[in-house]
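*Asks:* My questions all concern the structure below.
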């Protein structure tokens, strides 16, 4: 589908890093960056921006922090058409740590929040906008949000200056009819704003739901190379670009990146379609119990995992 | 979605066998059969029925032929609620080899054909119906069939006694809007008949397209355990059952079967989401070049495969 308003955001390093605490080599991150630039990707989200006093550099790699020097080591002044995005979690960033846009290679801050944090998210988004950045709000876990709470969120966002709001299928539990319903609500509540979509692939619907969102009018789309991301992962970039007909996007650099950098990670990181992730998705649950199971020695004992989940539900 | 008319058909052994020439152990086939019965699956398609003089028993396992004795070794008289299906390719079966239903444990013949074989397919379907079996016609590769040819096929099927006609996404190349369009055409051309769907997962849309077909009125749905099947494979049974709300279906036996029998096959058979299969799907091509690539020593050289396909297209 060709629609010139559509923007694609690669979050390979940011969401993939949830699986290895952002312990990627510089060579890897540079490889992803170069591929995004060559493929014509609109935004590359390189990591989380977090306070140094909240997380340890011994435990977490540099893309949990996104220090300016580390960014510039990858991309210099980033004189390309690919903008740089970072994600900020509410409560894990200090306003004073955010330098003015004129001193940073970052273009976009994406503020991740839960529904009950929307006031803080809008405040942070306004703060970074006032410092010269672009901003989005990505409200997570919408599949668990009540109708009343969602209405309140949408009203607050409508009254804000934040131009982009994301539909986020955190648990990979939404079906196409859920997408249609939510997109309808987001669009009618937020006239003039851009709607984005971030999916998870627990039930193999991340790409399908992205297409559904495109049909329903979403214009900012997240994807990752070979779908790498937490648990079941995200919408695969190579599929999204094969669907979009805008000639500015090139699929060949993505395939090269997958071959050189992403596929080799499969030996160490179990992202993708695995039965435990599928079970949490189908049940609309947070994937944490599945992630713990997949990190255990009995990760291939799907039946015991299923039984443990069903028993927990019945209690 | 609960709709009592919906029937689920497992084609794990039949479609999965395309990847290993049906060289499954008896233990494996019995395991799949027992799981289908325990899970409440309506039909299990156990293989192809083919003439003994067309294929060699040295090269192909018993489920390329589905001899009555081999069937009964797995299921006895099949005194269960799960019916037994076989697939027949046009030109690879002799009418005289088909015994009357009263002498067979087979319940359903599914006749696979291309659009230009529809007359022969209807003749074969009528033949098996007259011998007491149920019958479907599965017209393959609809994504390559012209509008005029499809109209002719639908008219011929409408005028036949065959009660079930399948929408088959052979190349895994259909998007949801294609599904909506084709389902609309099939339904309006075939009043009173049941529409089935068989998807392939090249672009991770087999499950999504199955849901789309359900919404659009399809009532006979193919799936396989863990999506095993030719190339990228099929709609995963565990996902389909997690979506259907009919309490007669049990997911636990499917998960047990995957753990005990299907997952171990992953070591030897590369079905599922791989870049070469994704490329043929996105390009609406037969997967044969991708299958050959995946069987070669350079199977992980995705970029060379992509370049070879693009160059072939440009010639």
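Chains as they are written, first to last, in my numbering: chain X, 1 to 315; chain Y, 1001 to 1315. The beta-carbon is built from N, C-alpha and C at its ideal position, and this holds for glycine as well.
Using the three-state DSSP reduction, which class does residue 280 of chain X fall into: helix, strand or coil?
*Replies:* Helix.
*Asks:* Find the nearest neighbour of residue 1307 of chain Y within the set X/192, X/273, X/275, X/254, judged by alpha-carbon distance.
*Replies:* Here the closest residue by C-alpha is X/254.
*Asks:* Could you have a look at residue 108 of chain X and say whether DSSP puts it in helix, strand or coil?
*Replies:* Three-state DSSP puts residue 108 of chain X in a strand.
*Asks:* Use the C-beta contact count for residue 1297 of chain Y: other C-beta atoms within 10 angstroms, 16 or more gives buried, fewer gives exposed.
*Replies:* Label assigned to residue 1297 of chain Y: exposed.
*Asks:* For residue 1196 of chain Y, list the residues DSSP reports as bridge partners.
*Replies:* DSSP, once it has assigned bridges, lists Y/1166, Y/1220 as partnering residue 1196 of chain Y.
*Asks:* Which residues in chain X sit within 9 Å of residue 1300 of chain Y, going by Cβ to Cβ distance?
*Replies:* Ordered by position in chain X, the residues that pass the 9 Å Cβ test against residue 1300 of chain Y are 259, 263.
*Asks:* Alpha carbon to alpha carbon, how far is residue 178 of chain X from residue 134 of chain X?
*Replies:* Rounded to whole angstroms, residue 178 of chain X to residue 134 of chain X spans 29 Å at the Cα level.
*Asks:* What does the Cβ neighbour count give for residue 1116 of chain Y, buried or exposed, with the cut at 16 atoms within 10 Å?
*Replies:* Residue 1116 of chain Y should be labelled exposed.
*Asks:* Along the chain, where does the beta strand (DSSP E) containing residue 177 of chain X start, and where does it finish?
*Replies:* No beta strand (DSSP E) contains residue 177 of chain X, which is instead part of the alpha helix (DSSP H) from 176-189.
*Asks:* Excluding the 5 residues preceding and the 5 following residue 1220 of chain Y in the sequence, name in chain order all residues of the same chain whose CB lies nearer than 7 Å to its CB.
*Replies:* Excluding residues within five positions, the ones whose Cβ falls inside 7 Å are 1007, 1009, 1164, 1194, 1196.
*Asks:* Please list the partners that residue 278 of chain X has in chain Y, where partner means a Cβ-to-Cβ separation under 9 Å.
*Replies:* Within chain Y, the residues near residue 278 of chain X are 1236, 1238, 1239, 1242.
*Asks:* Give me the chain X residues within the contact set of residue 1317 of chain Y, using Cβ-Cβ distance strictly less than 8 Å, ordered along the chain.
*Replies:* No statement about residue 1317 of chain Y is possible, as the shown extent of chain Y runs from 1001 to 1315 and does not include it.
*Asks:* Taking the Cβ atom as the reference point for each residue, do residue 217 of chain X and residue 287 of chain X lie within a distance shorter than 7 Å?
*Replies:* Result no, Cβ atoms of residue 217 of chain X and residue 287 of chain X do not sit closer than 7 Å.
*Asks:* So residue 43 of chain X packs on residue 124 of chain X, CB below 8 Å; how close in whole Å?
*Replies:* No, residue 43 of chain X and residue 124 of chain X are not in contact; Cβ-Cβ is about 18 Å, not under 8 Å.
*Asks:* Give the interface partners of residue 1282 of chain Y over in chain X, defined as CB-CB distance under 7 Å, in chain order.
*Replies:* Those within 7 Å of residue 1282 of chain Y in chain X are 242.
*Asks:* For residue 256 of chain X, decide whether its Cβ has a neighbour in chain Y, counting only Cβ atoms nearer than 7 Å.
*Replies:* Output row for residue 256 of chain X: interface = yes.
*Asks:* Between which residues of its own chain and residue 1190 of chain Y is the CB-CB distance below 7 Å, once the five residues before and five after are set aside?
*Replies:* Closer than 7 Å at the Cβ level, and outside the excluded window around residue 1190 of chain Y, lie 1154, 1157, 1158, 1165.
*Asks:* Would you call the CB atoms of residue 277 of chain X and residue 202 of chain X closer than 7 Å?
*Replies:* For residue 277 of chain X and residue 202 of chain X, yes; Cβs fall inside 7 Å.
*Asks:* Within 10 Å of its beta-carbon, does residue 234 of chain X have 16 or more other beta-carbons around it, so buried, or fewer, so exposed?
*Replies:* Buried, because 16 or more other Cβ atoms sit within 10 Å of the Cβ of residue 234 of chain X.
*Asks:* Quick check for students: name the residue ranges of the beta strand (DSSP E) that lie wholly in the stretch 24-108 of chain X, counting only runs of 3 or more.
*Replies:* Those beta strand (DSSP E) runs which fall completely within the stretch 24-108 of chain X and span 3+ residues are 43-48, 83-89.
*Asks:* Between the stretch 145-165 of chain X and chain Y, which residues of the former have CB atoms less than 8 Å from a CB of the latter, in chain order?
*Replies:* So the list is empty, because no residue satisfies the distance condition.
*Asks:* By alpha-carbon positions, which one of X/92, X/70, X/82 ends up nearest to residue 53 of chain X?
*Replies:* It is X/92.
*Asks:* Does DSSP classify residue 287 of chain X as helix, strand or coil?
*Replies:* Note: residue 287 of chain X maps to coil in three-state DSSP.
*Asks:* Can you say whether residue 138 of chain X is buried or exposed, counting buried as having 16 or more other CB atoms within 10 angstroms of its CB?
*Replies:* The residue in question, residue 138 of chain X, is buried, as its Cβ has 16 or more Cβ neighbours within 10 Å.
*Asks:* Suppose the cutoff is 7 Å on Cβ atoms and the five residues either side in sequence are ignored; what does the same chain contact list for residue 1060 of chain Y look like?
*Replies:* Within the same chain, residue 1060 of chain Y has close Cβ partners 1021, 1022.
*Asks:* Classify residue 247 of chain X: buried if its beta carbon has 16 or more other beta carbons within 10 angstroms, exposed otherwise.
*Replies:* Classification for residue 247 of chain X: exposed.
*Asks:* Between which residues of its own chain and residue 1207 of chain Y is the CB-CB distance below 6 Å, once the five residues before and five after are set aside?
*Replies:* The residues are 1235, 1239.
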